[in-house]
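Peer 1: In mature numbering (1 follows the signal peptide of the UniProt record, and there is no 0), the protein residues as written are -21 to -1, 1 to 273.
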Amino acid sequence: MLNTHRSVLLLLLLLFTGVSREDFISGIASDIQSKLPLTFELDQIKKKFGNLTPTNVVLLQELERFNNLVKKMVLSLINLQRALAGEVGMSNELDELAKSLYNGQLPSMWRSLAPETLKSLGNWMLHFLRRFDQYTKWVKVEPKVMWLSGLHIPESYLTALVQSTCRKNGWPLDKSTLYTNVKDVTYSNEVDERPESGCYIEGLYLEGAIWDHVNQCLKKSSPKVLIEQLPILHVIPVEAHRLKLQNTFRTPVYVTSNRRNAMGVGLVFEADLFTQEHSSHWTLQGVALLLNTD
């Protein structure tokens, strides 16, 4: 329905402003081109780090993937502009790019190099630029609160946290795990410093329930509330045999509202959320955490 309304609005815009379809697409392409950042200099960043920690390795892998996406966007938009100007032929790939820009959808050639998403093109661009901002800050110093949604492979960062803690404490990696604790603040600007152990995560969304800030536990959703942002989550590596949780619901954390496919792709980790109800209650409600809203 939203796509239909958008198509009608675009048609009216073209009719009343006299802008051709090609000019409209070119304008969208130019706007995106003006926002694209430069790629990261990986060799210089690696040299700056010196001895690489597990999280440094994750950052370099993330930057390499982000660079590949930026390069693809830059080249494809240049070629599209040339095709729209009649300088080169309009290939099937460029035609698909043009249609996606026109309809406000994420082009498949970019989607294949980006983290899984259900976002429209406009919302995806906001997400893309926020990712760049977090990477830029991370190159200088690891964030005190990690926006996990901005990572291409978020589970790799959590694995690196466990590896770092195991090295520090001499724990066996295969006998270590994670547990979580919900903080009483929601946004990173409310946090003064990094935790002594693990990391803080922001930007998780609770689906199927809401968070009771007074009692610090899961609560039945309010009418018409489908999704709610969870306060900052403290993720803490721990030796598995020391983990004895009570009154918690082991909550799956998915990348998008598609949750996961038959192969399990899409599940990032599981969070421990305090509950005054039996965990089966929330299982039946389909409660989960999402890294991204649609």
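Glycine is no exception: its CB is placed at the ideal position from the N, C-alpha and C atoms. Given the structure is predicted, the values throughout are model-derived calculations rather than measurements.
Give me the Cα-Cα distance between Glu43 and Asp153, rounded to the nearest whole angstrom.
Peer 2: 28 Å
Peer 1: Within the continuous beta strand (DSSP E) that includes Asn71, where are the two ends?
Peer 2: Premise fails: Asn71 lies in the alpha helix (DSSP H), 71 to 82, not in any beta strand (DSSP E).
Peer 1: Can you check whether the CB of Tyr166 is closer than 8 Å to the CB of Val272?
Peer 2: According to the sequence provided, residue 272 is Thr. The question's Val does not apply to it. For Thr272 and Tyr166, no; Cβs fall outside 8 Å.
Peer 1: Beta strand (DSSP E) containing Pro231: first to last residue?
Peer 2: 227 to 233
Peer 1: Along the chain, which unbroken stretches of the beta strand (DSSP E) at least 3 residues long are found entirely within the stretch 235 to 265?
Peer 2: 246 to 253
Peer 1: Does the beta-carbon distance from residue 274 to Leu85 come in below 8 Å?
Peer 2: Nothing about residue 274 can be reported from this structure: the residues present for the chain run from -21 to 273 only.
Peer 1: What does the Cβ neighbour count give for Val244, buried or exposed, with the cut at 16 atoms within 10 Å?
Peer 2: exposed
Peer 1: With which residues is Arg191 paired in a DSSP beta bridge?
Peer 2: A small correction: the amino acid at residue 191 is Asp; Arg does not occupy that position in the sequence shown. Residue pairing for Asp191: DSSP places it in a beta bridge opposite Cys196.
Peer 1: Considering just the uninterrupted stretch of the alpha helix (DSSP H) at Trp89, what are its terminal residues?
Peer 2: According to the DSSP assignment, Trp89 belongs to the alpha helix (DSSP H) that extends over 87 to 90.
Peer 1: Please list the segments of the alpha helix (DSSP H) lying wholly inside the stretch 90 to 151, counting only runs of 4 or more residues, in order along the chain.
Peer 2: Uninterrupted alpha helix (DSSP H) stretches at least 4 residues long and entirely within the stretch 90 to 151 occur at 100 to 119, 133 to 148, given in chain order.
Peer 1: How big is the Cα-Cα spacing for Thr227 and Phe253?
Peer 2: 4 Å
Peer 1: Taking the continuous beta strand (DSSP E) assigned at Ala267, which residues delimit it?
Peer 2: 267 to 269
Peer 1: Within a Cβ cutoff of 7 Å, which residues of the same chain sit near Val49, ignoring the five residues on either side of it in sequence?
Peer 2: Answer for Val49: Leu15, Pro16, Thr18, listed in chain order.
Peer 1: Could you spell out the range, first to last residue, of the alpha helix (DSSP H) harbouring Glu43?
Peer 2: 33 to 63
Peer 1: For Leu63, I'd like the list of residues in its chain whose CB is within less than 6 Å of its CB, leaving aside the five on either flank, ordered along the chain.
Peer 2: Glu1, Ser5
Peer 1: First and last residue of the beta strand (DSSP E) that includes Ser155?
Peer 2: 155 to 161
Peer 1: Using only the alpha-carbon positions, how far apart do Ala93 and Ser155 sit?
Peer 2: 30 Å
Peer 1: By a C-beta neighbour count over all protein chains shown, 10 Å radius and 16 as the cutoff for buried, is Val193 buried or exposed?
Peer 2: exposed
Peer 1: List the whole-angstrom C-beta distance separating Lys51 from Trp103, where the pair is believed to meet the contact cut-off of C-beta under 8 Å.
Peer 2: Rounded, the Cβ-Cβ distance is 14 Å, inconsistent with contact.
Peer 1: So, at 8 Å on beta carbons, what are the nonlocal neighbours of Met(-21) in its own chain, with the 5 sequence-adjacent residues on each side left out?
Peer 2: No answer about Met(-21) holds up, because its pLDDT of 40 lies below 50 and its placement is not dependable.
Peer 1: Which value, in whole angstroms, describes the spacing of the CA atoms of Leu263 and Leu269?
Peer 2: 17 Å
Peer 1: If I measure Cβ to Cβ from Ile189 and keep anything under 7 Å in the same chain, skipping five residues before and after, which residues do I get?
Peer 2: Lys198, Ser200, Ser201, Val204, Glu207
Peer 1: Ile7: which of Ala77, Met69, Arg61, Leu39 sits nearest, CA to CA?
Peer 2: Ala77
Peer 1: Counting along the chain, where does the beta strand (DSSP E) carrying Glu207 start and finish?
Peer 2: 206 to 208
Peer 1: Quick check: Val170 and Ile215, are their CB atoms within less than 8 Å of each other?
Peer 2: no
Peer 1: Counting beta carbon pairs with one atom in the stretch 26 to 40 and one in the stretch 138 to 151, are three or more of them shorter than 8 Å?
Peer 2: With the cut-off at 8 Å, the stretch 138 to 151 and the stretch 26 to 40 touch.
Peer 1: For Phe28, which option in Val120, Leu157, Cys145 has the closest C-alpha, if you only look at C-alpha atoms?
Peer 2: Closest by C-alpha distance to Phe28, out of Val120, Leu157, Cys145, is Val120.
Peer 1: Could you tell me whether any non-hydrogen atom of the ligand ZN is closer than 7 Å to the CB of Pro133?
Peer 2: Annotation note on the ligand ZN: not contained in the displayed structure, which lists no ligands.
Peer 1: For Ile211, which three-state DSSP category applies?
Peer 2: coil
Peer 1: Looking only at its chain, what residues have a beta carbon closer than 6 Å to the beta carbon of Leu38, apart from the 5 residues adjacent to it on each side?
Peer 2: Trp117
Peer 1: May I ask you to report which of helix, strand or coil DSSP gives Asn(-19)?
Peer 2: Because Asn(-19) sits at a pLDDT of 46, beneath the cut-off of 50, its placement in the model cannot be relied upon, and the following sentence gives the value as read from the coordinates. It is helical.
Peer 1: With distances taken Cα to Cα, identify the nearest neighbour of Tyr81 among Asn47, Ile132, Ile11.
Peer 2: Ile11
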